Amino acid sequence: MRLYNTLTRRKEEFEPQDGKTVRMYVCGPTVYDHLHIGNLRPVLVFGALRRYMELFKGWPVTYVQNITDVDDKLIARAQENGETVAEVAARYTEAYFQLLDRLGVVPPTHSPRATEHISGMIELVQGLIEKGYAYEKGGDVYFRVRAFKEYGKLSGRSVDELRSGARIAASDLKEDPLDFTLWKAAKPGEPKWESPWGEGRPGWHTECVVLSRHYLGETLDIHAGGNDLIFPHHENEIAQAEALTGKVFSRFWLHNGMLTVNGEKMSKSLGNFAYAYEVLERFDPETVIYFYLSRHYRKPLDYSETALAEAEKAVDRARTLISEVEAELRGAGEEEFGEAGSEFVAGLSRFKEKYLEAMDDDFNTVGALAAIQELVSETNRFRAEAVGADRGALREAVSLLRALGAPLGLFQAAEKVVTGLTDELMELLIELRSELRAKREFELADRIRDRLKEIGIVLKDTPQGTIWQKEEA
RNA sequence: GGCGGCGUAGCCAAGUGGCAAGGCAAGGGACUGCAAAUCCCUGAUUCAGCGGUUCGAAUCCGCUCGCCGCCUCCA
Numbered sequence: 003m004r005l006y007n008t009l010t011r012r013k014e015e016f017e018p019q020d021g022k023t024v025r026m027y028v029c030g031p032t033v034y035d036h037l038h039i040g041n042l043r044p045v046l047v048f049g050a051l052r053r054y055m056e057l058f059k060g061w062p063v064t065y066v067q068n069i070t071d072v073d074d075k076l077i078a079r080a081q082e083n084g085e086t087v088a089e090v091a092a093r094y095t096e097a098y099f100q101l102l103d104r105l106g107v108v109p110p111t112h113s114p115r116a117t118e119h120i121s122g123m124i125e126l127v128q129g130l131i132e133k134g135y136a137y138e139k140g141g142d143v144y145f146r147v148r149a150f151k152e153y154g155k156l157s158g159r160s161v162d163e164l165r166s167g168a169r170i171a172a173s174d175l176k177e178d179p180l181d182f183t184l185w186k187a188a189k190p191g192e193p194k195w196e197s198p199w200g201e202g203r204p205g206w207h208t209e210c211v212v213l214s215r216h217y218l219g220e221t222l223d224i225h226a227g228g229n230d231l232i233f234p235h236h237e238n239e240i241a242q243a244e245a246l247t248g249k250v251f252s253r254f255w256l257h258n259g260m261l262t263v264n265g266e267k268m269s270k271s272l273g274n275f276a277y278a279y280e281v282l283e284r285f286d287p288e289t290v291i292y293f294y295l296s297r298h299y300r301k302p303l304d305y306s307e308t309a310l311a312e313a314e315k316a317v318d319r320a321r322t323l324i325s326e327v328e329a330e331l332r333g334a335g336e337e338e339f340g341e342a343g344s345e346f347v348a349g350l351s352r353f354k355e356k357y358l359e360a361m362d363d364d365f366n367t368v369g370a371l372a373a374i375q376e377l378v379s380e381t382n383r384f385r386a387e388a389v390g391a392d393r394g395a396l397r398e399a400v401s402l403l404r405a406l407g408a409p410l411g412l413f414q415a416a417e418k419v420v421t422g423l424t425d426e427l428m429e430l431l432i433e434l435r436s437e438l439r440a441k442r443e444f445e446l447a448d449r450i451r452d453r454l455k456e457i458g459i460v461l462k463d464t465p466q467g468t469i470w471q472k473e474e475a
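For the first sequence, the working numbering gives the first residue as 3, with consecutive numbering after it.
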């Protein structure tokens, strides 16, 4: 498949370096607060990319995502609350995994905490000092940016440009204003670890380098995150990793576009802020997923209630088809279908092809969703016309729909469990009601339908007879 | 100031050199006791504007207008 690589600014053919397993690293949450709706985008997009590779490309993915459990924001939050940093981190880490579960996102293969790898970070910093890429000043350690000649290759900046840009605060301790912190001397009351430079804690960009290397080796296949991380975060990661090893840190860099609200990036200061869990109180998980995948991942995505409501209708169209077909064919055996059914089933492959083509072209989920919608339309058309055994062919369409939805996390809601007794009782009720309708005793017939609706069972009178379904969760 | 991106029907949104996907909304029709679901029909001679390259451009180049992101913590 082809993926747009920020490093080369082009779409490139992607294959895992060993031809088998994808080594993928995605920047994870800083657990000082709940995820907001912007944070959700990389989680859903790269989670779906991972599942697509596993389910359709045949590449198992080792997916590593860090949990940043020590940093300035966490320390500030802990002090506000009169808690320890560890308590704050534990609470929001738990919330994060609950959110993944709610959304049906497969958890990362590894979710290392930064604080579990402090010794690795110390080794990294030490290695950089030994090679002349870093220096210690007053208990802090800084990376010597000018020593790494390829600095700026990811973000397309040159050191000269950056210096003239000069919004970077000068520091007496740094040799150069562009140098960035690898290790911070501890201030009173802050979490701290012993190091060759005294007590302190790791600075910014060290954790991703150390964690990714620990689980995935020196060269990653894919490193992904929001495009606001390109500079300085990812640029600095490359500098550290490549200065130390001399090897390519990551072959591909993937960046998702920002979530906006009314066209502007969401932020607390603008007041256009919402938590992920709040959206999930208003919309079901598959609607939320559909919304996030309804725009190409590299473009900005504008959040609004209207957009979510539209996603809900779009996703419901497919789910209605699935659930109605399953209701219609409930109890029916595996029938062989005739010419019409066979022809219909043979034609289904074109939707899968369109889907694969879109997904393979820089993970174009929008095109993939279009293919899914076309599959839904075509199936509905067939459903309206088909009679007899050919209707069994609908099973094939539904099964394809589920398969295409699987990497995206769509259409996976478990089939409603129906016990044999319920099945028989419903058949009885429907039979009696049909007789009432035949006698035009609609009042009683409608009462049965209304009462069933109250207990969560929906009756639909279709040309093929009455079907019943449990109401959508 | 530097770097990057975007502007496609009422709304959302693919496509990035060869007759403009898909969804939502709207109108008409079919089906129907009523519901529900579904089907059919109706939409951009046109892709912010102006020039240029080309047999051919929404797609390439230049300019103009408008919007956004990064350059400081940020998904």
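Think of the CB as a built atom: it goes at the ideal place given N, C-alpha and C, for glycine as much as any other residue.
Note that the structure is a prediction, hence the values are computed from the model and not measured.
Beyond the five residues adjoining it in sequence on each side, Gln471 comes within less than 6 angstroms, by CB distance, of Ser325, Ala329 and Val460 in the same chain, given in chain order.
Of the residues Lys22, Leu431, Pro109 and Ile69, the one whose Cα lies closest to the Cα of Val33 is Ile69. Residues Ala80 of the same chain have their beta carbon placed closer than 7 angstroms to that of Thr86, with the five preceding and five following residues left out of the count. If you draw a straight line from the Cα of Tyr54 to the Cα of Gln375, it comes to about 18 angstroms. Judged by DSSP in its simplified three-state form, Ala447 adopts helix. Under a 10 Å Cβ-count criterion, Asn7 is classified as buried, with 16 or more other Cβ atoms of the shown protein chains found around its own Cβ.
Exclusion of the five residues before and after Trp61 leaves Pro18, Val24 and Met55 as the residues of its chain whose Cβ lies within less than 6 angstroms of its Cβ. In this structure, the alpha-carbon of Ala395 lies about 9 angstroms from that of Glu337.
If you check the CB distance, Trp206 and Phe233 do not come in under 8 angstroms. Contact between Ile120 and Trp195 holds: their C-beta atoms lie close to 5 angstroms from each other, under 8 angstroms. If you ignore the 5 residues before and after Leu218, its C-beta comes within less than 7 angstroms of the C-beta of Arg25, Tyr27, Thr64 and Val66, all in its own chain and listed in chain order. Gln471 sits in a strand when the DSSP states are folded into three classes. As the crow flies, the alpha-carbon of Phe150 is around 35 angstroms from that of Gly191.
Taking Phe251 as reference, the option from Tyr299, Thr221, Ala187 and Ala276 with the minimal CA-CA separation is Thr221. Between Gly340 and Ala391, the C-beta gap is smaller than 8 angstroms, which places the two residues in contact. Three or more Cβ pairs closer than 8 angstroms define a contact, and the stretch 258–277 falls short of that threshold against the stretch 232–247. By the Cβ test, the stretch 371–385 is in contact with the stretch 312–320, since at least three Cβ pairs between them sit closer than 8 angstroms.
For the stretch 97–159, the full-length alpha helix (DSSP H) segments reaching 4 residues or more read 120–132 along the chain. Taking C-alpha positions only, Leu438 is separated from Ala386 by approximately 26 angstroms. In the three-state scheme derived from DSSP, where H, G and I count as helix and E and B as strand, Ala226 is classed as strand.
Taken through DSSP and simplified to helix, strand or coil, Ile291 comes out as helix. At a Cβ-Cβ threshold of 8 angstroms, Arg115 and Asp74 do not count as neighbours. With a beta-carbon spacing of about 19 angstroms, Val47 and Tyr277 fall beyond the 8 angstroms limit used to define contacts. Tyr292 sits close to Leu412, with the two beta carbons spaced by under 8 angstroms. With respect to Leu180, Leu164 sits close: the two C-beta atoms are nearer than 8 angstroms.
Classified as buried, Thr208 has 16 or more neighbouring CB atoms from the shown chains inside 10 Å of its CB. If you keep only unbroken alpha helix (DSSP H) runs of at least 4 residues inside the stretch 26–103, you get 42–54 and 74–83.
Assigned with DSSP and collapsed to three states, His207 falls in coil, not helix or strand. DSSP places Tyr6 inside the beta strand (DSSP E), whose first and last residues are Arg4 to Asn7.
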